[in-house]
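Data first, discussion second: the structure below is written as structure tokens.
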Amino acid sequence: MPPITTTIDGVRVHAINCGFVQVKRSHRSPSLGAPIILLDPFWTEWLPIWVWVIEHPEGVIVIDTGENQRVTEPHYFDCGGADGWVTKHILRFRIQEQLEIGPQLKALGIPPDAVRWVVLTHLHIDHTDGLRYFPRAEILVSRNEYEQPYGSVPCTFPGWFNPRRIEGGYAHNQFGKAYPLTTDGRVIIVPTHGHSHGHQSVIFRGATVDLFFAGDTTFTEQQLLEHQVAGICIDKAAARRTLGAIRSYCQERPTIYLPTHDAQSAERLKNGRIVRTHLMTTLR
Numbered sequence: 001m002p003p004i005t006t007t008i009d010g011v012r013v014h015a016i017n018c019g020f021v022q023v024k025r026s027h028r029s030p031s032l033g034a035p036i037i038l039l040d041p042f043w044t045e046w047l048p049i050w051v052w053v054i055e056h057p058e059g060v061i062v063i064d065t066g067e068n069q070r071v072t073e074p075h076y077f078d079c080g081g082a083d084g085w086v087t088k089h090i091l092r093f094r095i096q097e098q099l100e101i102g103p104q105l106k107a108l109g110i111p112p113d114a115v116r117w118v119v120l121t122h123l124h125i126d127h128t129d130g131l132r133y134f135p136r137a138e139i140l141v142s143r144n145e146y147e148q149p150y151g152s153v154p155c156t157f158p159g160w161f162n163p164r165r166i167e168g169g170y171a172h173n174q175f176g177k178a179y180p181l182t183t184d185g186r187v188i189i190v191p192t193h194g195h196s197h198g199h200q201s202v203i204f205r206g207a208t209v210d211l212f213f214a215g216d217t218t219f220t221e222q223q224l225l226e227h228q229v230a231g232i233c234i235d236k237a238a239a240r241r242t243l244g245a246i247r248s249y250c251q252e253r254p255t256i257y258l259p260t261h262d263a264q265s266a267e268r269l270k271n272g273r274i275v276r277t278h279l280m281t282t283l284r
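Residue 121 in the UniProt record's numbering sits at position 121 of the sequence shown, and the numbers go up by one each step.
This is how it looks when you write it as structure tokens:
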């Protein structure tokens, strides 16, 4: 699938499919967590791994980095100990080199060395495995995520990986705090804990519509509408609070919701389809 590009307030935004992943069905749907997921014999369909690129006037921003073809090698996870073993048994990948983020950026006329910022929503492998293309970019991850990694495989990170650990920022009504990435205030990073201890999301604030780059807060927009927490979330109470905050935000501002593994995310971006807040399930 070629990249999908739209322009919002003069800023080009790209949805780039950097591989596919299958997860256990209990990984995506509500479940009791890791033990059930490991034992689950059933897999989902192939899910996209979206990487998002914002050509902001202050510099190109890449949100997550997708996969690389080495992930399909039999011994790729052997260096990862228990986390590597678990990852190997709960995820399946499909990717070719031409789908990696580096070649696809070049095809768009964006040299990877021209990227100013890479924002990682969290440190799971399908979000970090394209890092090798960005040795010159400033990498940003939340301090909580860096200090309390859950399910990551650090031995697969580049040797030079030393991200800026962010926290704090200004007060935000829904998310408690927000970290301003750009000086014009249009791109902010907000905490969206639950899927992992330090998961974060990126918001592009437009004049008439916002983009919410959600990472793995949910697998689909439908899960957001139904306030449904995925089985893989490490902290389900935090995940429920996060979904409540996102829902509140979408009710306040017209927002296009863009999770990493939703097959419809890129089409929503292309067509400008905002979250249909009138379809939200009433919270109990």
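All C-beta atoms in this analysis are idealised placements derived from N, C-alpha and C, irrespective of residue type, glycine included.
| Check | Outcome |
| --- | --- |
| Do three or more CB pairs link the stretch 220-233 to the stretch 188-206 at distances below 8 Å? | yes |
| Hey, how far is the Cα of T7 from the Cα of K177? | 27 Å |
| By a C-beta neighbour count over all protein chains shown, 10 Å radius and 16 as the cutoff for buried, is D9 buried or exposed? | exposed |
| Please name the residue in V23, T217, I61 and R136 whose C-alpha comes closest to that of G43. | Inspection of the sequence shows that residue 43 is occupied by Trp rather than by Gly. Answer by Cα proximity: V23. |
| Taking the C-alpha atoms as reference points, what is the distance between H124 and L279? | 31 Å |
| On the criterion of 16 or more Cβ atoms from any shown chain inside 10 Å, does G102 qualify as buried, or is it exposed? | buried |
| Quick check on N144: does DSSP put it in helix, strand or coil? | helix |
| Rounded to whole angstroms, what's the CA-CA distance from Q223 to S29? Just pull it up for me. | 9 Å |
| Measuring alpha carbon to alpha carbon, tell me which residue in I37, V51, T220 and K236 is nearest L120. | V51 |
| Using a Cβ-Cβ cut-off of 8 Å (strictly less than) and excluding sequence neighbours within five positions of T277, which residues of its own chain qualify? | R247, C250 and Q251 |
| Which same chain residues end up closer than 7 Å to A238 when comparing Cβ atoms and leaving out the 5 residues on each side of it in sequence? | H193 and G194 |
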